[in-house]
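Below is one structure, written out as structure tokens; comments come after it.
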Amino acid sequence: MKPTAVSRYHARMRRVLDHIDAHLSEALSVEALSEVAAFSPFHFQRQFSALFGMGVYRYIQLVRLKRASYRLAFRETESITEIALDSGYEMSEAFSRAFKQRTGQTPSAFRSEPDWIPWQATFGSINRTRRTVMTDSFTDDEVSVIDFPETPIAIMEHRGDPAQIGDTLRRFIAWRKRMGLSPQTSATFNLLQADPETCAPEDFRMGICVATKREVVSDENGISPGLIPAGRCAVLRLKGSSDDLRPAATFLYADWLPRSGEELRDFPIYVQRVTFFPEVPENEAITDIFLPLK
Numbered sequence: 151m152k153p154t155a156v157s158r159y160h161a162r163m164r165r166v167l168d169h170i171d172a173h174l175s176e177a178l179s180v181e182a183l184s185e186v187a188a189f190s191p192f193h194f195q196r197q198f199s200a201l202f203g204m205g206v207y208r209y210i211q212l213v214r215l216k217r218a219s220y221r222l223a224f225r226e227t228e229s230i231t232e233i234a235l236d237s238g239y240e241m242s243e244a245f246s247r248a249f250k251q252r253t254g255q256t257p258s259a260f261r262s263e264p265d266w267i268p269w270q271a272t273f274g275s276i277n278r279t280r281r282t283v284m285t286d287s288f289t290d291d292e293v294s295v296i297d298f299p300e301t302p303i304a305i306m307e308h309r310g311d312p313a314q315i316g317d318t319l320r321r322f323i324a325w326r327k328r329m330g331l332s333p334q335t336s337a338t339f340n341l342l343q344a345d346p347e348t349c350a351p352e353d354f355r356m357g358i359c360v361a362t363k364r365e366v367v368s369d370e371n372g373i374s375p376g377l378i379p380a381g382r383c384a385v386l387r388l389k390g391s392s393d394d395l396r397p398a399a400t401f402l403y404a405d406w407l408p409r410s411g412e413e414l415r416d417f418p419i420y421v422q423r424v425t426f427f428p429e430v431p432e433n434e435a436i437t438d439i440f441l442p443l444k
């Protein structure tokens, strides 16, 4: 196939993955998905398996269970029965069996104390599947230079293995709920203080932050006051999964920055989670990446 033909073929499959993300709570048949891609339903399952290395129904189950795991870990007000029904299971018992088969924990055990290592091993396959047809590519036209305003923040710093960041995130969500700092009214930021690809797991650090003008006092929860200083920034908007920010950050550092003639300011790269999964379908999540400039 010519490159243009390959690109068109991948774009049709990408429509299928986007459709799955947007309709996880609905019935998803092979016939309907083949129609989204404009492929023959007689060949679609084999096409999907050949391209992605897994069957379409296994992929749908994994995506549904990934969303369910986020809701179990980070949305304590949602019942397991509600999550099971929304994941396509008519009975909680069937959901529990499927979830334990994939993660090694029952939904209730995962909600109580998630084991993130097998979770990463299971759901990392989704990211590998998406990268087959969703390789991020960026252009200089997508980068804007803005004046970012001084923004006081409360920070909870994660230190150690990035695979365990979910535990820090759970503590942070619980704290901001107690403080009444909802994502709808108080912006969410991450300070990317270390690259997990270039540092030892024990040296990894990342700040999980919420914008607030309230007085913030360091406490036993690991919260401390902080500030994102005013200044010029290059900003690149990423739409879709934010599990891997490396391609966008690499583009800014390796491609855009040398061509721009700009110089970097002494403050870490940071991101704002504008909308995030599972509040929106994963393909609709929006993350703004800020590179501080002089």
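Numbering-wise (my numbering), the sequence shown opens with residue 151 and increments by one. We put the CB at the ideal spot given by N, CA and C, even for glycine.
Put simply, the stretch 254-271 touches the stretch 212-228. At least three CB pairs are less than 8 angstroms apart. Cβ contact annotation for Arg309 (same chain, cutoff 6 angstroms, sequence separation greater than five): Arg355, in chain order. Excluding the 5 residues flanking it on each side, Tyr209 has same chain C-beta neighbours closer than 7 angstroms at Phe202, Thr279, in chain order.
Judged by their CB atoms, Pro431 and Asp236 are not nearer to each other than the 8 angstroms cut-off. Secondary structure within the stretch 247-334: the alpha helix (DSSP H) runs of 4 or more consecutive residues, fully enclosed, are 257-262, 266-283, 315-329 (chain order). Here the stretch 310-326 lies against the stretch 358-370, with 3 or more beta-carbon pairs under 8 angstroms apart.
Judged by DSSP in its simplified three-state form, Met241 adopts coil rather than helix or strand. Taking a cut-off of 8 angstroms on C-beta distances, the stretch 296-309 touches the stretch 367-378, as three or more cross pairs fall below it. Listed in chain order, the non-local C-beta contacts of Ile436 below 7 angstroms within the same chain comprise Arg387, Lys389, Val424, Thr425, local neighbours out to five positions each way being set aside. A Cβ-Cβ separation of about 6 angstroms places Phe440 in contact with Phe298 under the 8 angstroms criterion. The criterion of a C-beta distance shorter than 8 angstroms is satisfied by Thr338 and Gln422. Sequence-distant partners of Thr253 (beyond 5 residues in either direction) whose C-beta falls short of 8 angstroms from its own C-beta, in its chain, are Leu215, Ser219, Phe260, Asp265, Pro268, Trp269, Thr272.
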